[in-house]
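Engineer: For the record, in the sequence shown the residue sitting at position 290 is 290 according to UniProt numbering, with numbers rising by one throughout.
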Amino acid sequence: MTLNKCTICDKETANKCAKCKSAAYCSQECQKLDFPLHKLLCSKMSTFLEHNPRPTDAVLALLFPVESMNPELFWIKKTSGYEFINSSPGMKKYIEDAHMGQNTSRGDHKLEVFMGEGSYGREKANLCISRLMHGYQWTDSGNVVSLAKWVGNIVVLRSTGSGRICQDAYGDVTVADLRFALDFICHGVQLYEAEDVNKFFVRDEKLWMKGVKISCSGDMALLGQSQFRDVLVSRYNDICTRSRHQPTSTISGHMGFELMVMKCGWHQIIREASKSGMKGLAHSPQVPYLMLNAAPDVDNGNWGVADPEKWGTGIDPTVLIVRKDMGDITAQQIEALVAYCKDVLHAAMKGNAEHGCRSTDERKAIVNQYMTLDKFRMFFETFKKKKINGGDESWTDAALPQVPAPERAELPKDIQFQLMMRGWGA
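Rendered as structure tokens:
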């Protein structure tokens, strides 16, 4: 097939990889971005073709093997008559009960991705996908993409678009198709959290923002997680697509960077430990301070307390936090804000009265005096100095949240539509 568009950005180009001639790039920057993934097949392509002559009526296919870390190439024979390739002997060698391929296209690259019908909950996690998607998650419970969605052997064919039962229904895959297949497999991932950088999957940064998790006691004790941890959050995440249903921190709203807070699912390790009788895994005592009710016109009994039916119940999972305006937030900013809510605001909101501040005017005065960005800035700088003086150099460049958040690039219309449909539960 003709490779006339950049593998990364789709710009017109005639510059192909000098080694494999099977992927094109418009610039050194795009080639550098693709290289960690590209090199997994670049040399392998020419070696495979040299040592594995094409069988009669066969096309080149791509395999994400279930028990190997690297993608592979293989020949698969075309079908004839009314036989679909998903039930052919060549496919059954890798997938016993392959469903009809899932279609994806990018320009003139049309692919079909095949997986077993009974794969969900039955097959082993795909080690190749696990490696390529290290750190990316379909859920907020710490289960990586391969454990949640793509399992068993995964086969990719290049479709010619002429129909599945046509003799020429499929053509040879290219090295560029490895990128396109991975982009399809990873479409809609919700979260990224990893200590080491994943260089295989290239994020569309317009779709991602910095968020924070506050870990429950189980995440810290059994998973070794920090109490406050930085994550990257996709616009496909439920906290964003269903933002109107998410609880918010009214205190942060008064300061100009309203925070949405969503409870995460329990990690499988935490579930199993709890079932075995291990105690003390479901506590998150910091979160209720962030969720203190700071609405001045609220009923007096609810002022200055977190909803006891939602927060501090004794069964409290890790929470995910993002800004409602889709700006960035960091673990240091959340740690300082929680400390401010706990050490300063909680006492101020409680007041001297036995049941808290009774008048709306008193509550408004507290909001105006304490719940401003300037007031938090003073606390933040003092908190930061204590951290640095205590030997934590990671706080050296810590800064307040930007208010207002920098303007984000507008999303393409098709992505806006997808996000809208997810928000409606489609």
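Beta carbons: idealized from backbone N, C-alpha and C, even for Gly.
Predicted, not measured: the structure shown is a model, and the values here were computed from it.
1) Would T13 and A23 qualify as a contact pair, given that the criterion is a beta-carbon distance under 8 Å?
2) Could you compute how far the alpha carbon of D172 sits from the alpha carbon of H109?
3) I need the straight-line Cα distance from N143 to T56, nearest angstrom please.
4) What does the Cβ neighbour count give for S284, buried or exposed, with the cut at 16 atoms within 10 Å?
5) Nearest by alpha-carbon distance to G400: which of P412, L411, D414, T382 is it?
6) Can you tell me where the beta strand (DSSP E) with S234 in it begins and where it stops?
7) Here's the rule I'm using: 16 or more other beta-carbon atoms within 10 Å means buried, otherwise exposed. How should S80 be labelled?
8) Beta carbon of L127, beta carbon of E67: below 8 Å?
9) Is the stretch 309-320 touching the stretch 280-298 in the sense that three or more CB pairs, one from each, lie closer than 8 Å?
10) Can you tell me whether Q408 is helix, strand or coil according to DSSP?
11) Leaving out five residues before and five after A398 in sequence, what residues of the same chain have Cβ atoms less than 7 Å from its Cβ?
12) Count Cβ pairs between the stretch 289-304 and the stretch 196-206 that sit closer than 8 Å; are there 3 or more?
13) Where does W208 sit, in a helix, a strand or coil, going by DSSP?
14) Please determine if the stretch 36-51 and the stretch 172-184 are in contact, where contact requires at least 3 C-beta pairs separated by less than 8 Å.
15) Return the CA-CA distance between M209 and M220, expressed in angstroms with no decimal places.
16) Need the endpoints of the beta strand (DSSP E) that K72 sits in, please.
17) List the DSSP bridge partners of S249.
18) Where DSSP assigns a beta bridge to H99, which residues make up the other side?
19) Can you give me the Cβ contacts of V322 inside the same chain, cut-off strictly under 6 Å, excluding the 5 residues immediately before and after it?
20) Taking C-beta to C-beta, are V197 and W138 nearer than 8 Å?
21) Only counting runs of 3 or more residues, tell me where the beta strand (DSSP E) segments fall wholly within the stretch 264-341, in order along the chain.
22) In chain order, what residues of the same chain lie with their CB nearer than 8 Å to the CB of I388, ignoring the 5 residues before and after it?
23) Over what stretch of residues does the alpha helix (DSSP H) that includes V367 continue unbroken?
24) Taking the beta carbon of G312 as the centre, do at least 16 other beta carbons fall within 10 Å, making it buried, or is it exposed?
25) Compare the C-alpha of R244 against each of K324, N302, S274, I185 and name the closest.
26) Rounded to whole angstroms, what's the CA-CA distance from V305 to R131? Just pull it up for me.
27) Could you spell out the range, first to last residue, of the alpha helix (DSSP H) harbouring K110?
28) Would you please state the rounded distance, in angstroms, between the beta carbons of I334 and F417? I believe it to be under 8 Å.
29) Cα-Cα, which of C42, Y289, K11, C30 is closest to K21?
30) One question on the structure: do M371 and H254 come within less than 8 Å of each other, judged by their Cβ atoms?
31) Check whether the Cβ atoms of I85 and M115 lie closer than 8 Å to each other.
32) How long is the line joining the alpha carbons of G404 and L373, rounded to whole angstroms?
33) For H51, does the count of other Cβ atoms within 10 angstroms reach 16, so buried, or fall short, so exposed?
34) Assuming L290 contacts S226 under a Cβ cut-off of 8 Å, what Cβ separation, rounded to an integer in Å, is found between them?
35) Taking all protein chains shown into account, do 16 or more other C-beta atoms lie within 10 angstroms of the C-beta of R158, making it buried, or fewer, making it exposed?
36) Counting only the same chain and skipping the five closest in sequence on each side, list residues whose C-beta sits under 7 Å from that of R235.
Structural biologist: To lay it out plainly:
1) In the sequence shown, residue 13 corresponds to position 13, counting from 1. In the sequence shown, residue 23 corresponds to position 23, counting from 1. Their beta carbons are not under 8 Å apart, which means T13 does not touch A23 by this criterion.
2) To locate residue 172, count along the sequence shown from 1; it is residue 172. To locate residue 109, count along the sequence shown from 1; it is residue 109. Cα to Cα, the separation comes out at about 11 Å.
3) What you label residue 143 is simply residue 143 of the sequence shown in a count that begins at 1. What you label residue 56 is simply residue 56 of the sequence shown in a count that begins at 1. Legend: pLDDT at N143 = 49, less than 50; position of this residue unreliable, no value from coordinates given.
4) Position 284 of the sequence shown, counting from 1, holds the residue named residue 284. Counting Cβ neighbours within 10 Å, S284 comes out buried, since at least 16 surround it.
5) Here residue 400 refers to the residue found at position 400 of the sequence shown. Reading off the sequence shown, one finds Leu at residue 400, where the question assumed Gly. For the options P412, L411, D414, T382, the alpha carbon positioned closest to that of L400 is the one of T382.
6) The residue given as residue 234 occupies position 234 in the sequence shown. Bounds of the beta strand (DSSP E) holding S234 are 228-234.
7) If you number the sequence shown from 1, residue 80 lands on position 80. Per the 10 Å Cβ criterion, exposed.
8) For the purposes of this step, residue 127 is taken as the residue at position 127 of the sequence shown. For the purposes of this step, residue 67 is taken as the residue at position 67 of the sequence shown. Yes; because the gap between Cβ atoms is below 8 Å, this pair is in contact.
9) Result yes; three or more Cβ-Cβ pairs closer than 8 Å.
10) Residue 408 sits at position 408 when you count from the first residue of the sequence shown. Note on identity: in this sequence residue 408 is Arg, with Gln being the wrong assignment. Of the three classes helix, strand and coil, the one that applies to R408 here is coil, per DSSP.
11) Counting from 1 along the sequence shown, the entry for residue 398 is found at position 398. Q332, K384, listed in sequence order.
12) Verdict: no, contact absent.
13) Looking up residue 208 in the sequence shown gives position 208. W208: strand per DSSP, three-state reduction.
14) Put simply, the stretch 36-51 touches the stretch 172-184. At least three CB pairs are less than 8 Å apart.
15) On the sequence shown, residue 209 is found 209 positions in, with the first residue counted as 1. On the sequence shown, residue 220 is found 220 positions in, with the first residue counted as 1. Their Cα atoms are separated by approximately 24 Å.
16) Reading the sequence shown from its first residue, position 72 is the one you call residue 72. Correcting the residue type first, residue 72 is Glu in the shown sequence and not Lys. Under the DSSP assignment, E72 falls in the beta strand (DSSP E) whose first and last residues are 72-77.
17) Within the sequence shown, numbered from 1, the residue matching residue 249 stands at position 249. Per DSSP, L259.
18) Indexing the sequence shown from 1 puts residue 99 at position 99. Bridge partners of H99: none, in fact.
19) Taking the first residue of the sequence shown as position 1, residue 322 is located at position 322. Spatial neighbours of V322 in its own chain (CB-CB distance under 6 Å, excluding positions within 5 residues in sequence) are listed in chain order as G211, V233, I239, M260.
20) The residue you call residue 197 lines up with position 197 of the sequence shown. The residue you call residue 138 lines up with position 138 of the sequence shown. Not in contact: V197 and W138 (Cβ atoms no closer than 8 Å).
21) Those beta strand (DSSP E) runs which fall completely within the stretch 264-341 and span 3+ residues are 319-323.
22) Residue numbering aside, residue 388 sits at position 388 when the sequence shown is read from its first letter. W395, T396.
23) Looking up residue 367 in the sequence shown gives position 367. Start and end: 360-370.
24) Taking the first residue of the sequence shown as position 1, residue 312 is located at position 312. So G312 counts as buried.
25) Residue mapping note: residue 244 aligns to position 244 of the sequence shown, counting from 1. Residue K324 is the option with its Cα nearest to R244.
26) As a first step, residue 305 is located in the sequence shown; it is residue number 305 there, counting from the start. As a first step, residue 131 is located in the sequence shown; it is residue number 131 there, counting from the start. The C-alpha of R131 is placed about 44 Å away from the C-alpha of V305.
27) Counting from one through the sequence shown, the residue named residue 110 turns up at place 110. Per DSSP, K110 belongs to no alpha helix (DSSP H); it is in the beta strand (DSSP E), 109-114.
28) Within the sequence shown, residue 334 is the residue found at index 334, counting from 1. Within the sequence shown, residue 417 is the residue found at index 417, counting from 1. A Cβ-Cβ separation of about 32 Å leaves I334 out of contact with F417 under the 8 Å criterion.
29) Translated into the one-based positions of the sequence shown, residue 21 becomes position 21. Distances from the alpha-carbon of K21 to those of C42, Y289, K11, C30 put C42 closest.
30) Numbered from its first residue, the sequence shown carries residue 371 at position 371. Numbered from its first residue, the sequence shown carries residue 254 at position 254. Contact: yes.
31) Numbered from 1 along the sequence shown, position 85 holds the residue referred to as residue 85. Numbered from 1 along the sequence shown, position 115 holds the residue referred to as residue 115. It is not a contact, given that the beta carbons lie outside the stated cut-off.
32) Position 404 of the sequence shown, counted from the first residue, corresponds to residue 404. Position 373 of the sequence shown, counted from the first residue, corresponds to residue 373. Residue identity check: residue 404 is Pro in the sequence provided, not Gly. C-alpha separation (whole angstroms): 11 Å.
33) As a position in the sequence shown, residue 51 is number 51, starting the count at 1. Counting Cβ neighbours within 10 Å, H51 comes out exposed, since fewer than 16 surround it.
34) Position 290 of the sequence shown, counted from the first residue, corresponds to residue 290. Position 226 of the sequence shown, counted from the first residue, corresponds to residue 226. Not quite, the Cβ-Cβ distance comes to about 17 Å (not below 8 Å), so this is no contact.
35) On the sequence shown, position 158 is the one that residue 158 refers to. Buried is the call here.
36) By 1-based counting over the sequence shown, the position of residue 235 is 235. Cβ-Cβ distances below 7 Å link R235 to L207, L419 in the same chain, with the five nearest sequence neighbours on each side left out; the list follows chain order.
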